[in-house]
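>
Protein chains in written order, with the numbering used here: chain A, 9 to 339; chain B, 9 to 339.
As structure tokens, then:
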């Protein structure tokens with residue numbers, strides 16, 4: 009799957025800004041790719057780019073219409089379908105992060121076929137993978153891991169890419185989730201892969217490369233989240249990371265959606281991830297911690313990061329407030 | 009998926025005994041269910057039960073024809089299809105462990121539908137699962153884990169079921185692979201589940217039960233096998249085991265098919281599995297080790313088990329030579 013930029017962000021009738029979270033992430037990390045947004049009646053989201061019709065997007069040179077919204081009730085309304093059919097008729101591809109598969113909308117599938125355009129359901133892997141072989145590959149790899157889901161792993165990984173590229177380092181963000189795939193224009197929705205092939209898919213995603221090239225792999229789940237640890241360990245083994253960055257949300261009261269599970273402490277989290285990672289890379293190191301301090305004041309955030317840094321002896325930042333330079337210095 | 013017994017073991021043209029390994033496993037563990045075998049011209053396997061035609065099987069009361077063989081080239085020959093069509097015509101279900109899906113053979117699918125019979129592709133999960141919630145469930149659970157794949161986890165789990173039932177304990181083998189599913193008549197082919205739902209599928213497979221009931225969960229893969237550790241950790245978290253039994257093959261030179269990976273030592277293997285298991289059951293204990301000593305002499309085997317037992321301080325048996333009584337004593 010390769011998603012061609014530039015993009016039109018299709019916001020449909022997103023009820024609020026949160027429903028357009030994915031589109032917004034693309035806008036933040038790939039502003040140059042986002043030529044415009046399309047909002048239908050009832051849309052309350054705004055990604056801060058020019059409003060465009062399908063016709064205007066085509067004329068502006070948009071290559072792909074991005075469906076980066078949560079749609080209501082999992083059903084794609086007729087009003088969306090007719091716009092999307094129009095888009096493929098004007099030579100654009102569609103890429104969707106919706107649960108409902110756009111490839112299964114008959115009139116859209118037919119229109120895409122007739123016009124030789126691609127429909128990407130980014131939540132679905134589009135190819136088969138081999139089982140992992142664990143053989144050492146040339147090139148460097150960094151993986152973000154975390155105390156839980158939704159603690160800022162994608163954000164941190166993208167911030168690392170930005171910082172490393174600004175320093176002239178060879179670095180590529182490798183996407184493993186839907187928002188990341190839109191941002192990278194490629195990737196594997198790793199949690200949708202068949203269990204036997206998780207680590208094999210990650211090996212495929214992060215192939216041999218130049219000795220000084222860094223693949224920056226977007227982490228998923230957590231070894232300490234009972235729902236998703238299988239995905240996490242497959243990422244760890246498949247990426248055979250040289251470096252880990254541990255991510256955490258300050259002040260989260262318990263594992264997300266599971267009041268019966270306390271959060272793990274950061275040192276234990278680091279050690280468990282290193283232990284798993286040593287299987288495919290005995291030289292793996294944790295190079296820093298990235299703390300999401302969105303719920304803290306500036307002062308509290310600084311104190312929190314300082315405390316963690318003292319505890320683990322590694323650079324500790326809020327990637328949003330501070331950037332990740334000190335972590336890159338430590339690589 | 010519920011596979012109704014008794015069975016006819018369909019051996020097709022299995023080239024040798026190894027090709028009929030699955031059928032043979034069913035014969036060993038569920039002899040009462042295996043009324044006969046059907047061998048086509050060219051078959052060199054023998055499960056030691058009476059040869060029967062499809063008509064004879066139907067007359068004998070067979071409910072399901074079991075395809076427990078590795079077929080050549082992944083293609084189901086015409087000669088098989090016609091026999092299977094005949095079977096559903098005579099009121100029998102078909103259950104297959106082949107890679108090729110029998111549900112996708114048009115004439116067989118049509119015949120099954122016309123006759124109201126079921127076709128089970130046991131390698132494919134037949135339902136959707138929720139993500140795991142990790143909530144404590146009543147009842148006891150034991151999971152077999154191992155230093156690698158194919159070290160005797162299924163055998164050990166079944167031996168435990170047999171021993172516990174002989175003692176009048178409430179115990180059920182819970183199958184997670186194709187041979188196990190034929191033997192249990194139900195189960196989930198866990199390595200074929202979508203990554204996000206591995207542990208959720210295991211929660212479904214081992215639901216709440218009587219306080220003194222044991223689910224004996226067939227393990228898969230190994231935390232130390234880079235290809236399959238995602239499956240393994242999902243099993244560990246989903247089963248929330250009270251007891252682990254570690255399995256190992258004596259004398260294996262390296263991880264199966266991976267000369268670049270040495271075997272892990274048993275104490276390290278136990279500790280890593282306990283550490284992962286504590287997330288959903290802080291009270292988990294390892295209750296013994298089961299060593300496959302097929303490549304050792306009687307004396308060597310005894311010495312090997314003695315050495316391991318001294319090292320780990322737990323009952324250590326070859327389940328085939330010694331049975332598993334000492335492990336059950338320790339539960």
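Don't be surprised by glycine CBs; every beta carbon is placed ideally from N, CA and C.
Going along the chain, which residues of the segment 188 to 220 of chain B sit with their C-beta nearer than 8 Å to a C-beta in chain A?
Cβ contacts with chain A: 198, 199, 200, 201, 202, 203, 204, 206, 207 and 208.
> I'd like to know whether the C-beta of residue 143(A) is nearer than 9 Å to at least one C-beta of chain B.
yes
> Can you list, in chain order, the residues of its chain with a C-beta nearer than 7 Å to that of residue 155(B)? Leave out the 5 residues immediately preceding and following it.
230, 232, 256, 271, 272, 274 and 277
> By how many angstroms is the C-alpha of residue 23(A) removed from the C-alpha of residue 80(A)?
8 Å
> Under three-state DSSP, which class holds residue 73(B)?
strand
> Using only alpha-carbon positions, find the residue among 228(A), 133(A) and 180(A) that is nearest to residue 220(A).
180(A)
> Using CA coordinates, which residue listed in 113(A), 289(A) and 100(A) is at the minimum distance from residue 84(A)?
Comparing Cα-Cα distances from residue 84(A) to each of 113(A), 289(A) and 100(A), the minimum goes to 113(A).
> Where does residue 128(B) fall in DSSP's three states?
strand
> Which bits of chain A does residue 242(B) rub up against, with CB to CB less than 8 Å?
Those within 8 Å of residue 242(B) in chain A are 203, 237 and 238.
> Could you tell me whether the segment 99 to 114 of chain B touches the segment 307 to 325 of chain A, where touching means 3 or more Cβ pairs closer than 8 Å?
no
> Is there a C-beta anywhere in chain B that falls below 9 Å from the one on residue 288(A)?
yes
> Are any of the Cβ atoms in chain B nearer than 9 Å to that of residue 266(A)?
yes
> Is it the case that the Cβ atoms of residue 197(B) and residue 235(A) are separated by a distance below 9 Å?
Between residue 197(B) and residue 235(A), the C-beta spacing is not below 9 Å.
> Near residue 213(A), which residues of its chain fall below 6 Å by C-beta distance, leaving aside the five closest residues on each side in sequence?
182 and 196
> For a contact meaning CB atoms closer than 7 Å, what does residue 232(B) contact in chain A?
Correct list: 287.
> Using 8 Å as the Cβ pair cut-off and three pairs as the minimum, do the segment 320 to 338 of chain A and the segment 158 to 178 of chain B touch?
no
> Can you tell me whether residue 120(B) is helix, strand or coil according to DSSP?
If DSSP states are grouped into helix, strand and coil, residue 120(B) belongs with the helices.
> Between the Cα of residue 306(B) and those of 204(B), 325(B) and 193(B), spot the shortest distance and give me the residue it belongs to.
325(B)
> Between residue 139(A) and chain B, is any beta-carbon pair separated by less than 9 Å?
yes
> Grab me the residues of residue 303(A)'s own chain with a C-beta within less than 6 Å of its C-beta, minus the 5 sequence neighbours each way, in chain order.
Around residue 303(A), the same chain offers 259 as residues with beta carbons nearer than 6 Å, after the five sequence neighbours per side are excluded.
> Going by C-alpha to C-alpha distance, which of 138(A), 129(A), 136(A) and 147(A) sits closest to residue 185(A)?
Out of 138(A), 129(A), 136(A) and 147(A), the CA that lies nearest to the CA of residue 185(A) is found in 129(A).
> In chain B, which residues lie with their C-beta within 9 Å of the C-beta of residue 128(A)?
Chain B residues near residue 128(A): none, gap ~19 Å exceeds 9 Å.
> Strictly below 7 Å CB to CB, what residues from chain B border residue 245(A)?
234 and 237
> Residue 269(A) versus chain B: which residues are under 7 Å apart at the beta carbon?
142
> Determine, for residue 283(A), whether the minimum Cβ-Cβ distance to residues of chain B falls below 9 Å.
yes
> Note down, one range per segment and in chain order, each beta strand (DSSP E) of at least 3 residues found wholly within the segment 52 to 116 of chain B.
72 to 75 and 101 to 104
> For chain B, find out if any of its Cβ atoms is closer than 9 Å to the Cβ of residue 280(A); answer yes or no.
yes
> Cutting at 6 Å between CB atoms, please list the residues of its own chain near residue 73(B), excluding the five before and the five after it.
16, 18, 95, 100 and 102
> With a threshold of 16 other CB atoms inside 10 Å of the CB of residue 342(B), please say whether the residue is buried or exposed.
The structure shown does not extend to residue 342(B), since chain B is modelled only from 9 to 339, so the question has no answer here.
> With burial defined as no fewer than 16 other Cβ atoms inside 10 Å of the residue's Cβ, what is the status of residue 301(B): buried or exposed?
buried
> Give me, in chain order, the residues of the same chain whose beta-carbon lies closer than 7 Å to that of residue 151(A); leave out the 5 immediate sequence neighbours on both sides.
225, 227, 243, 244, 247, 249 and 252
> Could you tell me the alpha carbon to alpha carbon distance between residue 176(A) and residue 168(A), rounded to whole angstroms?
12 Å
> Around the Cβ of residue 314(B), are there at least 16 other Cβ atoms within 10 angstroms (buried) or fewer (exposed)?
exposed
> With a threshold of 6 Å on Cβ separation, who are the neighbours of residue 153(A) within its own chain once the five nearest residues in sequence on each side are excluded?
227, 252, 254 and 281
> With 16 as the cutoff for other CB atoms within 10 Å, does residue 289(A) come out buried or exposed?
buried
> The beta strand (DSSP E) spanning residue 35(A) covers which residue range?
From DSSP, residue 35(A) is part of no beta strand (DSSP E) but of the alpha helix (DSSP H) over 29 to 37.
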